[in-house]
Structures are given as C-alpha cells and as structure tokens.
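Chemist:
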Amino acid sequence: MSQTPVQISLEDCRKLDADDELRAFRDEFRLPADVIYLDGNSLGALPVQTADRVVDLIELEWGRDLIRSWEANGWIGAPSRIGDKIARLVGAHVGEVIATDSTSANLFKLIVAALQARPGRQVVLSEPGNFPTDLYMIQGALAALSGGHRLELRPRDRLAEAIDHDTALVLLTHVHYKTADVFDMPEITSRAHAAGALMLWDLSHSVGAVAVDLNAARADLAVGCGYKYLNGGPGAPAFLFVAERHHQDLTSPLTGWMGHASPFDFSDAYQPAPGVRRFLCGTPSVMGLAALETGVDLLLRADMGAIAAKSAALCRLLTTLVEQECGAYGLEAIGPALGQPRGSHVSFRHPDGYAIMRALIARGVIGDFRGPDVLRFGLTPLYLGFEDVWRAVQTLRAVLADRLWDAPEYRVRTLVT
Ligand SMILES: *Cc1c(COP(=O)(O)O)cnc(C)c1O
Numbered sequence: 003m004s005q006t007p008v009q010i011s012l013e014d015c016r017k018l019d020a021d022d023e024l025r026a027f028r029d030e031f032r033l034p035a036d037v038i039y040l041d042g043n044s045l046g047a048l049p050v051q052t053a054d055r056v057v058d059l060i061e062l063e064w065g066r067d068l069i070r071s072w073e074a075n076g077w078i079g080a081p082s083r084i085g086d087k088i089a090r091l092v093g094a095h096v097g098e099v100i101a102t103d104s105t106s107a108n109l110f111k112l113i114v115a116a117l118q119a120r121p122g123r124q125v126v127l128s129e130p131g132n133f134p135t136d137l138y139m140i141q142g143a144l145a146a147l148s149g150g151h152r153l154e155l156r157p158r159d160r161l162a163e164a165i166d167h168d169t170a171l172v173l174l175t176h177v178h179y180k181t182a183d184v185f186d187m188p189e190i191t192s193r194a195h196a197a198g199a200l201m202l203w204d205l206s207h208s209v210g211a212v213a214v215d216l217n218a219a220r221a222d223l224a225v226g227c228g229y230k231y232l233n234g235g236p237g238a239p240a241f242l243f244v245a246e247r248h249h250q251d252l253t254s255p256l257t258g259w260m261g262h263a264s265p266f267d268f269s270d271a272y273q274p275a276p277g278v279r280r281f282l283c284g285t286p287s288v289m290g291l292a293a294l295e296t297g298v299d300l301l302l303r304a305d306m307g308a309i310a311a312k313s314a315a316l317c318r319l320l321t322t323l324v325e326q327e328c329g330a331y332g333l334e335a336i337g338p339a340l341g342q343p344r345g346s347h348v349s350f351r352h353p354d355g356y357a358i359m360r361a362l363i364a365r366g367v368i369g370d371f372r373g374p375d376v377l378r379f380g381l382t383p384l385y386l387g388f389e390d391v392w393r394a395v396q397t398l399r400a401v402l403a404d405r406l407w408d409a410p411e412y413r414v415r416t417l418v419t
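Under my numbering, think of the first position of the sequence shown as 3, with each following residue one higher.
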C-alpha cells in the first residue's frame with residue numbers, strides 16, 4: 003500500500019520560520035532584498051558589524067594609533083585570539099588553533115610537517131575528487147620534499163582498508179564540496195592511528211555549519227576556510243589545528259619570523275615557538291583578521307547545536323521541495339540520502355546545469371555550479387529562512403518548466419563559477 007506523500011506548503015515553511023530560534027540572526031547580515039543567497043558555502047554573507055569594524059580598524063587603529071596598535075589594539079595576538087575562538091566551533095582546546103594564511107598554504111605546512119614526523123613512510127592517502135587544492139598541495143609538497151613519497155587516491159568505500167604501515171598521512175575533506183557527503187571522522191581517524199599514520203582533516207565545508215569535534219575524534223591536524231560559513235569576507239585568513247600532543251614534534255617548513263620563539267630578538271638562528279604559533283609564517287593580515295573575527299564572534303553567539311540542526315532541516319526541506327515541485331524536470335539529487343548525516347549544501351546533477359544556474363542567478367537565486375553538471379545550493383542556517391527555500395524552489399521550477407535557461411546568454415562560461 004503506497005501513501006501519497008504529504009505536500010509541503012508555503013504556510014508550512016512560514017511556520018518553520020516562526021519556530022526558528024536562530025531567526026533573529028538574519029538581521030545581523032546585510033543581504034540585498036531581491037536576492038536569495040544560496041552560496042554562503044562559497045562566500046559567506048556580510049555581517050552588518052563588519053563594515054564598522056573594518057572602518058574603525060583603518061581609521062582609528064591604523065590611521066591614529068599607527069604602529070602602537072600591534073600591542074595596544076591586539077594586532078599581534080590576533081591569530082591566536084581568533085584561533086582560540088574558532089577552536090570552540092571545532093572541538094579544539096585553547097592553544098591548538100591559529101588563524102593565518104590561506105587554507106592551501108596551511109595544507110602545505112601541515113603536510114610537510116606530518117611527513118617529516120613519519121620518516122620511512124612513503125604514502126599520503128586521499129580520495130579522488132577531493133577538493134582540488136588539497137590534492138594539488140599534496141603534489142607540490144611531495145615534489146618539494148623529493149623524498150620518494152607518493153600520493154595514493156582511493157574511493158571512500160575502499161579508503162580505510164588502504165591505510166597501512168607505509169601510510170604517513172591520511173588527508174581528507176570532512177564534508178565533500180560537491181556532494182555534501184560526510185566522512186565518519188572518529189572512525190577514519192582511529193583507522194589511521196591503528197596503522198601509525200597521522201590524520202589531517204580539511205574542515206572548509208564543515209566549520210560553522212555542522213558539528214565537528216576534533217579532539218573527541220583524536221584528530222591530529224586540521225585546516226579550514228575563513229570565508230565560507232565563518233563569514234570572514236573574500237580571501238579571509240584560514241585556520242589550522244595541531245593537537246597539543248604534537249606541538250613538540252611537528253615543525254613548519256615555512257620558518258618565517260612570526261613562527262619564531264621570539265621574533266623580536268632578531269637572532270640569526272631559527273627557533274620555533276613552543277605552541278601552534280610556530281605555524282605562523284609572516285606578519286599577520288590584520289585587516290583580513292578583523293573581518294574574520296567579526297564573523298566568528300557572530301557565529302559564537304549562536305548555539306552550534308542549533309546551527310547544525312537547522313542546517314539539517316533546511317537541507318531536508320530543499321531536497322523534499324525540489325522533488326515535489328521539480329520532479330518532472332530531470333534533476334538528480336546527489337549526496338547523502340534524506341535524513342543521513344550531511345554537509346550544509348544540497349546538489350543536483352543536470353546535463354544543462356550550467357545554464358540553469360545562470361538563469362537562476364539572473365532571477366536573484368544565487369547558488370553555484372560545479373563541473374561537469376552539478377548545481378549546488380548552500381544552506382546557511384544563520385541568515386537563511388525556510389520561506390527563502392520555498393521561494394528559491396519556485397524560481398527553480400519556473401526556470402525548468404518554461405525552459406528559461408535555454409538561452410544563448412546562459413551558455414557563455416564565466417571565469418568564476
Ligand atoms: C574552499 C576550500 C578551500 C579553499 O582554499 P583556499 O586556499 O582558501 O583558496 C580548501 N579546501 C576545501 C575543501 C575547500 O572547500
């Protein structure tokens with residue numbers, strides 16, 4: 003006996019908004035009225051307070067206080083201070099996280115440090131289709147070391163069994179950038195440890211969106227992005243995590259003076275700082291850090307459990323509504339099945355995905371496209387409501403039903419998708 007699925011209505015979505023304990027956070031962001039922003043997983047929205055904070059930084063701290071700001075306005079401590087705040091979002095302790103550089107540069111530092119800490123082991127293990135920069139940075143790090151290491155890629159269902167005595171490092175992205183598939187962090191980490199390997203997690207699509215507990219999983223190393231769910235602004239500094247038990251045995255290959263034990267001794271010999279600060283390289287990017295800190299402070303005012311729960315609810319709604327409203331138009335949902343653990347975006351395959359996304363963007367529904375055929379919709383719990391999802395799906399239905407995407411201007415490829 004088959005049941006007719008219950009149809010979800012606009013009224014249902016409004017009711018979910020009325021019951022949403024995070025709803026007030028919407029007013030903390032500046033978003034254009036004619037846009038439904040479903041790309042916060044690629045560039046987070048602008049917090050209202052960030053513009054004032056950055057202006058103060060420029061006019062008062064830089065313009066008036068000048069070099070005194072390094073101490074008086076806390077510039078020199080910003081990477082550690084913000085790192086400690088991010089630590090609270092990912093289950094790390096004070097002193098284990100630092101905000102600095104790009105995710106790519108942080109990957110390089112940690113990959114090399116990990117390989118040097120596991121001499122005699124030759125393999126870095128990852129999965130095919132991991133985020134490109136992760137694979138590229140492994141390749142660059144191995145080339146720079148010229149120690150005979152090799153990169154091995156195994157599909158995720160055969161990954162755990164490939165970890166062995168020759169594995170130095172397992173490097174995986176916790177939430178997949180295209181599919182929103184999630185790795186079982188404690189499980190894979192313990193497999194790596196059982197074989198004597200180190201485990202590095204990329205949290206770029208996790209931090210600020212889903213529950214992460216690095217220390218509960220006994221993770222060794224992690225990196226993550228500042229401009230996605232942390233709302234730190236374009237090109238915001240990233241972060242890195244080194245578990246405290248490794249602070250003595252891991253050192254950065256980028257031995258810049260800011261990672262020195264006492265940079266202002268100006269001594270000739272490099273001496274790493276005792277803690278995670280040794281993974282700093284050059285002078286902190288103070289303006290970028292100020293915007294990042296504002297985004298992180300905002301996120302810390304919300305309960306991470308509520309964020310993760312709303313993320314799951316938004317994803318469930320979008321998936322169900324697309325099936326209900328757009329079921330006839332050939333979209334294929336990819337990623338975790340309904341109700342399974344997942345990241346905070348929902349993706350669909352369609353052979354005309356690129357043109358469909360361009361047509362959506364032209365109508366104010368901003369998601370993005372990931373080749374060859376994936377439409378991706380990021381669902382950010384802090385500034386997106388359930389009615390927004392309803393409206394986005396109605397626009398998607400119109401674009402598909404009336405073939406609005408089938409126009410030459412939507413086929414021209416842009417540089418950034
Ligand atoms: C966004 C993202 C990055 C970004 O790296 P950048 O160096 O900041 O450009 C890295 N890894 C993953 C998995 C990402 O999703």
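For every residue, glycine included, the Cβ atom is placed at its ideal position computed from N, Cα and C.
Fair warning: this is a prediction, and the values are worked out from it, not measured in the lab.
1. Relative to the C-alpha of threonine 322, which residue among Gln396, Ala304, Phe371, Leu300 is closest?
2. In the region 144 to 195, which residue ranges form an unbroken beta strand (DSSP E) of at least 3 residues, counting only runs that do not cross its ends?
3. Residues in the same chain with beta-carbon distance under 6 Å from leucine 406, minus the five sequence neighbours each way, listed in chain order, please.
4. For a test of the three-state rule: what should DSSP assign to alanine 403, helix, strand or coil?
5. Count the other C-beta atoms from every protein chain shown that fall within 10 angstroms of the C-beta of tyrosine 356, then say buried if there are 16 or more, exposed otherwise.
6. Below 8 Å, can you find three or more Cβ-Cβ pairs linking the region 338 to 349 to the region 201 to 215?
7. Expressed to the nearest angstrom, what Euclidean distance is found between the alpha-carbon atoms of aspartate 22 and leucine 155?
8. Kindly indicate the opening and closing residues of the alpha helix (DSSP H) around aspartate 54.
9. Less than 6 Å separating the Cβ of tyrosine 231 from some heavy atom of ligand 1?
10. By DSSP, does valine 126 sit in helix, in strand, or in coil?
11. Should proline 49 be labelled buried (16 or more other beta-carbon atoms within 10 Å of its own) or exposed?
12. For phenylalanine 27, I'd like the list of residues in its chain whose CB is within less than 7 Å of its CB, leaving aside the five on either flank, ordered along the chain.
13. Just the Cα atoms here: how many angstroms apart are glycine 284 and isoleucine 60?
14. Going straight from the alpha carbon of tryptophan 392 to that of glutamate 13, what length do you get?
15. Would you report the Cα separation of serine 192 and arginine 220, rounded to the nearest angstrom?
16. Check the DSSP bridge columns for tyrosine 385 and list the partner residues they point to.
17. Relative to the C-alpha of leucine 319, which residue among Val177, Gly341, Leu300, Ile78 is closest?
18. Would you mind working out which of Asp404, Val57, Ile84 sits nearest leucine 291, comparing C-alpha positions?
19. For the 8 Å Cβ check, are there 3 or more pairs between the region 116 to 133 and the region 258 to 275?
20. Taking the alpha-carbon positions, what's the serine 106 to glutamate 389 distance?
21. If you draw a straight line from the C-alpha of glutamate 30 to the C-alpha of aspartate 370, how long is it?
22. Could you check how far apart the C-beta atoms of alanine 143 and threonine 169 are, in whole angstroms? I think they sit under 8 Å.
23. Candidates Leu377, Thr253, Arg351: which alpha carbon is nearest methionine 359's?
24. Should the region 228 to 246 be regarded as contacting the region 134 to 141, the criterion being three or more beta carbon pairs within less than 8 Å?
25. Taking the beta carbon of glycine 235 as the centre, do at least 16 other beta carbons fall within 10 Å, making it buried, or is it exposed?
26. Pop quiz: valine 99 and isoleucine 88 are said to be a contact at Cβ under 8 Å. What is the actual Cβ separation, rounded to whole angstroms?
Modeler: Considering the structure as presented:
1. In the sequence shown, the residue the question calls residue 322 occupies position 320. For the residues Gln396, Ala304, Phe371, Leu300, the minimum Cα distance to threonine 322 belongs to Gln396.
2. Those beta strand (DSSP E) runs which fall completely within the region 144 to 195 and span 3+ residues are 152 to 155, 169 to 175.
3. Along the sequence shown, one-based indexing puts residue 406 at 404. Ala361, listed in sequence order.
4. Numbered from its first residue, the sequence shown carries residue 403 at position 401. In the three-state reduction of the DSSP assignment, alanine 403 falls in the helix class, which pools H, G and I.
5. By 1-based counting over the sequence shown, the position of residue 356 is 354. Note on tyrosine 356: 16 or more other CB atoms within 10 angstroms of its CB, so buried under the neighbour-count rule.
6. The region 338 to 349 and the region 201 to 215 touch, with no fewer than 3 CB-CB distances between them shorter than 8 Å.
7. Walking along the sequence shown from the start, residue 22 turns up at place 20. Walking along the sequence shown from the start, residue 155 turns up at place 153. C-alpha separation (whole angstroms): 42 Å.
8. For this step, residue 54 is matched to residue 52 along the sequence shown. First-last of the alpha helix (DSSP H) with aspartate 54: 50 to 58.
9. Against the sequence shown, residue 231 aligns to sequence position 229. Closer than 6 Å to some heavy atom of ligand 1: that does not describe the Cβ of tyrosine 231.
10. Against the sequence shown, residue 126 aligns to sequence position 124. Valine 126 carries a strand assignment under DSSP once its states are collapsed to helix, strand and coil.
11. Position 47 of the sequence shown, counted from the start, is the residue given in the question as residue 49. Buried is the call here.
12. For this step, residue 27 is matched to residue 25 along the sequence shown. Result list for phenylalanine 27: Ala304, Leu384, Tyr385, in chain order.
13. To locate residue 284, count along the sequence shown from 1; it is residue 282. To locate residue 60, count along the sequence shown from 1; it is residue 58. For glycine 284 and isoleucine 60, the distance between alpha carbons rounds to 20 Å.
14. One-based indexing of the sequence shown puts residue 392 at position 390. One-based indexing of the sequence shown puts residue 13 at position 11. So the two alpha carbons sit approximately 10 Å from each other.
15. Here residue 192 refers to the residue found at position 190 of the sequence shown. Here residue 220 refers to the residue found at position 218 of the sequence shown. For serine 192 and arginine 220, the distance between alpha carbons rounds to 8 Å.
16. What you label residue 385 is simply residue 383 of the sequence shown in a count that begins at 1. Answer is none; tyrosine 385 lacks a bridge partner.
17. By one-based count along the sequence shown, residue 319 stands at place 317. For leucine 319, the nearest C-alpha among the options comes from Gly341.
18. Along the sequence shown, read from residue 1 onward, the residue named residue 291 stands at position 289. Comparing Cα positions, the closest option is Ile84.
19. No, the region 116 to 133 is not in contact with the region 258 to 275.
20. Locating residue 106 in the sequence shown gives position 104, counting from the first residue. Locating residue 389 in the sequence shown gives position 387, counting from the first residue. The alpha-carbon of serine 106 is positioned some 36 Å away from that of glutamate 389.
21. Along the sequence shown, read from residue 1 onward, the residue named residue 30 stands at position 28. Along the sequence shown, read from residue 1 onward, the residue named residue 370 stands at position 368. Spanning the two alpha carbons is a distance of roughly 24 Å.
22. Within the sequence shown, residue 143 is the residue found at index 141, counting from 1. Within the sequence shown, residue 169 is the residue found at index 167, counting from 1. The beta-carbon distance between alanine 143 and threonine 169, rounded to whole angstroms, is 15 Å. This is too long to meet the 8 Å contact definition.
23. Residue 359 sits at position 357 when you count from the first residue of the sequence shown. Closest by alpha carbon: Leu377.
24. Not touching, per the Cβ criterion.
25. Working through the sequence shown from its first residue, we reach residue 235 at position 233. Label assigned to glycine 235: buried.
26. On the sequence shown, residue 99 is found 97 positions in, with the first residue counted as 1. On the sequence shown, residue 88 is found 86 positions in, with the first residue counted as 1. The C-beta distance from valine 99 to isoleucine 88 rounds to 5 Å, short enough to fall under 8 Å.
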